[in-house]
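Trainee:
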Amino acid sequence: MELNLHGESRVIDSILALEQALREARALAQCQLWLTRATDAEQGPALCMLRNGGNALLMYLSGQDDLSFHTLGDEEADGVCSYLLANGQVDEYPEAWCVEVEQCQRAFVEFFRTSGAQPAGIAWQAD
Numbered sequence: 001m002e003l004n005l006h007g008e009s010r011v012i013d014s015i016l017a018l019e020q021a022l023r024e025a026r027a028l029a030q031c032q033l034w035l036t037r038a039t040d041a042e043q044g045p046a047l048c049m050l051r052n053g054g055n056a057l058l059m060y061l062s063g064q065d066d067l068s069f070h071t072l073g074d075e076e077a078d079g080v081c082s083y084l085l086a087n088g089q090v091d092e093y094p095e096a097w098c099v100e101v102e103q104c105q106r107a108f109v110e111f112f113r114t115s116g117a118q119p120a121g122i123a124w125q126a127d
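Counting in full-length UniProt numbering, the sequence shown runs from 1 upward without gaps.
1. With respect to the alpha helix (DSSP H) encompassing R26, which residues constitute its N-terminal and C-terminal limits?
2. Pair every Cβ in the stretch 108-124 with every Cβ in the stretch 67-80, then say whether three or more of these pairs are closer than 8 Å.
3. What's the C-alpha gap between G53 and L33?
4. If you draw a straight line from the alpha carbon of E19 to that of L5, how long is it in whole angstroms?
5. If you measure from the beta carbon of L57 to each beta carbon in chain C, is any gap under 9 Å?
6. Among residues of its own chain, excluding the 5 on either side of R10, which ones have a beta-carbon nearer than 6 Å to its beta-carbon?
7. Output the distance between the C-alpha atoms of L58 and C48, rounded to the nearest integer angstrom.
8. Looking only at its chain, what residues have a beta carbon closer than 8 Å to the beta carbon of Y93, apart from the 5 residues adjacent to it on each side?
9. Would you identify the three-state DSSP class for Q32, choosing helix, strand or coil?
10. Can you give me the C-alpha to C-alpha distance between V99 and D78, rounded to a whole angstrom?
11. In the structure shown, what three-state DSSP assignment does C48 receive?
12. By the 10 Å Cβ neighbour count, where 16 or more other Cβ atoms means buried, how is T36 classified, buried or exposed?
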C-alpha cells in the first residue's frame, strides 16, 4: 500500500512500517494521512485521517461509484474543528465527526490487514 503523511509518500509493506508511520503522524501537531491500495487515492479504496491535536476524523473512499464516508463521533458536539491539509489549505469539519486518535490508528491497521476494506468498529456516515 501507499502511505502519504502530510504530502510525503512511501510504500508500506508491513504492519511494522505502518506502525512507524503512525508514530510519526502522532508526533505532529496536525497532519493529513492517507493510506491507499492504489497510487491515486481516487481509485481507492483509501483511508484518510485529518488530525489537529486531540481531534481527528476519518474519511473512507471506496473507489467504487464514488462512495465515500466520514466518521461520526458525538452527534451532540457543537462547533467545528479546523485541519491543516498538506497543500496548506485549512478545512473545517463539524466536531460531531471527531473520534479518538487511537481509534483512527486502529482503523489504519485494520484497513492494511484487510487490503482496503472499510474498517469495522467505526460509526460511518455516507457523504
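C-beta atoms are modelled at their ideal positions from N, C-alpha and C, and glycine is treated no differently.
Mentor: Let's see:
1. I15 to A27
2. yes
3. 14 Å
4. 13 Å
5. Judged by its chain identifiers, the structure shown contains no chain C, having just a single protein chain.
6. L3
7. 5 Å
8. L50, L57, H70, V80, C81 and Y83
9. strand
10. 14 Å
11. strand
12. buried
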